[in-house]
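327 is the number of the first residue of the sequence shown in our numbering; add one for each residue after it.
Glycine included, every Cβ here is placed at the ideal spot set by N, Cα and C.
What follows is a single structure, written as structure tokens, with notes after it.
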Amino acid sequence: MTWIIDGKNALEIGQPLVMKTRFAIVLCCLMVAVNGQIRYSIPEEMKPGLFVGDVAKDLGLDVKRLVSGRARLVIDDSKQYVELNRNNGHLLVKERIDREQLCAQRSPCSFGLEILLENPLEFFSVTVEIEDINDHAPAFFKKEITLETSESAPIGTIFLLDTATDPDVGLNSLQTYNLKPMDHFALKQHTRVDGSKYAELVLQTPLDREKNSEHSLVLTAVDGGNPPRSGAVKIRVTVLDANDNIPVFTESVYRASVKENTAPGTLIIKISATDEDQGLYGNVTYSFTNLDDTNQVVRVDAQTGKIRLIGIVDYEVVKLYEINLLAKDSGGLSGTSKLVIDVLDVNDNIPVIDITSFSGKLPEDSPSGTVVALINVQDLDSGKNGNVNLNIEQNVNFLIKQSPRKYYTLVTAGTLDREKNSSFNLTLTTSDEGTPSLSSKKTIVLEITDINDNAPLFSKSEYRTNIVENNSPGVSVWTIQATDADTGPNARITYYLVESEISGSSVSTYFSVNADNGVLYGMRSFDYEQIKEFKIQVRAQDGGSPPLTSNATVIINIQDQNDNAPQVLYPVQTGSSMAAEMVPRSADVDYFVTKVVAVDVDSGQNAWLSYKLQRAMDRALFEVGIHNGEIRTIRQITDKDAVKQKLTVVVSDNGEPSRSSTVNVNVVLADSFPEMLSELTDFTGDKEYNDHLTFCLVLTLAAVSFLFITCLIVIMAVKIYRWRQYRMYQSNLPVIPYYPPCYADSSRTGTLKHVDNCDVYMSTDLGKNYVKYAGPNTLVRLNCARADFLLKEICCDDDTENNYTPPTSPVQPSQQDIKAKQLSMAEFQLTNAIYFCASYTAL
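Shown next, in the form of structure tokens:
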């Protein structure tokens, strides 16, 4: 149920207003809305800006809701007669409304509109009824009506008069006709089915042409407005000679129907009237009396009575035509009838899809049932021809829901994934129920906007790559790439190194990664001998909010280069002393002379060592094992063999290119130490020996002499002290006036960390307990058992004495010991000198 508020008297028409009008103005402010619909009633011709109604109050809405919901009007008509003030919720007149122009004769006259709110989507129906005001006076189509009648016309003869037209409706339309004077004629008024009124002139008294051949009358049409308006036309009645019979139509009312959009020229109906008179008075002509608008649609043939269509009829504009027919003979007598033409609706209007609200974008995380668009479908046809259906073509992600008044909502039917479908071309199809059915399509493009729902992904969880050692700092090691299924900032990937430590240092001191392209760089030159493998983690982070990350492991293997030459551990080469190996002249074939011990800190084939003799005074006497470095005799020693043999052994690795080191091995062929010592005294150096070396040797001998005396005193004091403490254990041991320094520590710490076994400096023939003596610049062999004992006496303290175990096999020095010995060469030489002196004194 809807209440109508009458606001017609709110219009200022420049006339005094009575109390009733004021009361109507008060009523205009009252309205009751039921079922979400409101209805206002206003008079036509209101000035723009005048108040129509308080929408916010009548709908129970807060004014803030109108502003936040961006309230707007959706009006079916192309013209917008009213407007909405969102700030106060008032509906105001925007354009002057002419009811006659808007609705013609249709009553009641109204137009509908919807108030649309967003966020959330709501709409309310509003109907504005336009009430007629008396702004038009009745008017006749002609300025003068000419009638002819015979003087013999009987009393009661009827003359059909032209109808006056008044665009107003209701009481403001034409209500009555007045005739002056009324001496011979009276006025008879009639009302048509559509409510329009027309008048007939009725002869009341006989006419006498000889007395008065012409009568002048005034016909006045008056409407029911307050005050009333009127229009007049002059009627001129000419009295003719006698014509006793009037034309008579075959039917009092003719009915015909025509389909809209029928082609012009189509015959609608044929009318006929008869006149019993003969001759001139029997000729009948046909015409229409209300020719204001009808003559633009149909035309009658005056002679044949055929009525044809000359214009376009449109059911949506006019559904029925009512035409007054006039049959007139030559004598001036006429007969009347009526023609009613029904316009039949055909399905000639295609449904039109109107997208009322559509943003074009939708987030991919929108839940099922989210409204995508509000759609309105219009079909101007009636009945089944105007019933429409709206569907969406082949898309399971969306569906159509119907709302009141041919409104539809397009909603999601499931979850959306932009990575699968970034956009949808939605084709909307609407069709009516006419025969044949008419349809139309409209395609809208919906873009699915991205959210950060995908983390960057690496193709592998672990990558492996190689880099050759000794690389240049800043070299590119590897390019790691991740992909992100998102788009825009959510797919912008930045790369980071996951913080960790490598050998106590931050990973960033070894590697860096380009944040934009994932290129991994080495920040320093790598040494295979120090670190053989790096295991780092790279993190990929997208630009979403919050960001998503993933990690990948990169294993970097350092490839070895042949960048280290073999290092000879034994025999030790010094610049100021010489070592010699004694070989008895009675040595058998394959007699073990010594062994060259070398290492290569490289790996793989770069560390495979081979040994060969580069130069020998007699090549037929000795050979070196190509793989083990053992120097052995290959034949019996003869008297022709030189006593002093100098062998140069070349140690080569298997790298590419190969690196090598050389070592000189001095061999003395002698059967006794005195003989060997005499030979060693005359042992000369090679050609490279210079005067500078001799000067250094003299200084060394002087220093050795001083140190020897100092060490002897210290050794004797230590020995006496230990002899007293351990006299119970040492009572059976002979007093040794010297201590072999071969076990002295060569490091700078002063702590015994490594014991050099005698076998390092001797052959592996441990069963022979003899001492090899050398001069001031040579190394001698000690009795191993005796040396081990002296080591225990001199080097071991109270905590380690009882735990000491003499070495039983050769010990290969570690890499650290090698470097320590190289760094302490001067101390080592000094130790050898003391050792030589001590050995010489003992002998």
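ask   = When the Cβ atoms of the region 863–872 are set against those of the region 955–969, are three or more pairs found closer than 8 Å?
value = no
Residues near Leu716 by beta carbon distance below 7 Å, same chain, minus five either side = Ile701, Val703, Ile726, Tyr734, Leu754, Thr756
request  = Give every residue of the same chain whose Cβ lies closer than 8 Å to the Cβ of Ile857, excluding the five residues on either side of it in the sequence, and list them in chain order.
outcome  = Ile828, Ser829, Ile884
request  = Assign Tyr854 to one of three DSSP states: helix, strand, or coil.
outcome  = coil
request  = For Gly605, count neighbouring Cβ atoms within 10 angstroms of its own Cβ and tell me buried if that reaches 16, exposed if not.
outcome  = exposed
inquiry  = Just checking: is the beta-carbon of Gly955 within a distance shorter than 8 Å of some beta-carbon in chain C?
reply    = The question asks about chain C, but that chain is absent: this structure has only one protein chain.
query = In three-state terms, what does DSSP make of Asn268?
reply = The displayed coordinates of the chain run from 327 to 1169. Any statement about residue 268 would go beyond what the structure contains.
task = Verify whether the separation of the beta carbon atoms of Leu545 and Ala525 is less than 8 Å.
result = yes
ask   = Would DSSP call Tyr647 helix, strand or coil?
value = strand
key: Nearest-angstrom beta carbon gap, Ile882 and Ile793 [assumed within contact, 8 Å]   = 6 Å
query = Taking the Cβ atom as the reference point for each residue, do Asp965 and Ser912 lie within a distance shorter than 8 Å?
reply = no
ask   = When burial is assigned at 16 or more other CB atoms within 10 Å of the CB, is Pro311 buried or exposed?
value = Since the displayed the chain opens at 327 and closes at 1169, residue 311 lies outside it and no answer follows.
message = Less than 8 Å between C-beta atoms, sequence neighbours within five positions excluded: which residues of the same chain meet that for Asn723?
response = Thr738, Ala739, Gly740, Leu742, Asn747, Phe750
request  = Look up Trp934 in the DSSP assignment and say whether it is helix, strand or coil.
outcome  = coil
ask   = Alpha carbon to alpha carbon, what distance is there between Val584 and Val644?
value = 12 Å
message = By the three-class DSSP mapping on this structure, what secondary structure does Gly438 have?
response = strand
query = Are Val950 and Val922 touching if we call contact CB-CB under 8 Å?
reply = yes
request  = Alpha carbon to alpha carbon, how far is Ile572 from Thr483? Give it in angstroms, no decimals.
outcome  = 9 Å
Assumed close pair Leu670, Ile633 - CB separation to whole angstroms, cut-off 8 Å = That pair is no contact at about 17 Å.
Residue closest to Tyr847, alpha-carbon to alpha-carbon, out of Tyr407, Glu855, Tyr836, Lys373 = Tyr836
message = Rounded to the nearest angstrom, what separates Val894 and Glu859 at their Cα positions?
response = 28 Å
query = Which one or two residues does DSSP pair with Tyr1047 in a beta bridge?
reply = Tyr1047 pairs with nothing; no bridge assigned.
query = Can you give the beta carbon distance from Val976 to Lys938, rounded, assuming they're within the 8 Å contact cut?
reply = 5 Å
task = Note the first and the last residue of the continuous alpha helix (DSSP H) segment covering Glu426.
result = 425–429
ask   = According to DSSP, is Ile456 helix, strand or coil?
value = strand
ask   = Taking Cβ positions, are Arg425 and Glu370 nearer each other than 8 Å?
value = yes
ask   = Counting pairs of Cβ atoms below 8 Å between the region 541–557 and the region 465–484, do you hit three or more?
value = yes
message = Give me, in chain order, the residues of the same chain whose beta-carbon lies closer than 6 Å to that of Leu473; leave out the 5 immediate sequence neighbours on both sides.
response = Phe485, Val563
ask   = Between the C-alpha atoms of Cys1022 and Ser851, what's the straight-line distance to the nearest angstrom?
value = 40 Å
task = Mind listing, in chain order, the continuous beta strand (DSSP E) runs of no fewer than 3 residues lying wholly within the region 568–595?
result = 579–585
task = Look at the alpha carbon of Tyr1047 and the alpha carbon of Ile1035, and state the distance between them as a whole number of angstroms.
result = 19 Å
ask   = The alpha helix (DSSP H) with Lys383 in it runs from where to where?
value = 381–385
Delimiting residues of the beta strand (DSSP E) encompassing Lys714 = Before going further, note that residue 714 is Val rather than Lys in the sequence given. First-last of the beta strand (DSSP E) with Val714: 714–718.
query = Just how far apart, CA to CA, sit Leu418 and Gly375?
reply = 5 Å
Classification of Phe1032 by the beta-carbon crowding that lies within 10 angstroms, buried from 16 upward = exposed
key: Between the CA atoms of Trp1049 and Ile1041 - distance to the nearest angstrom   = 12 Å
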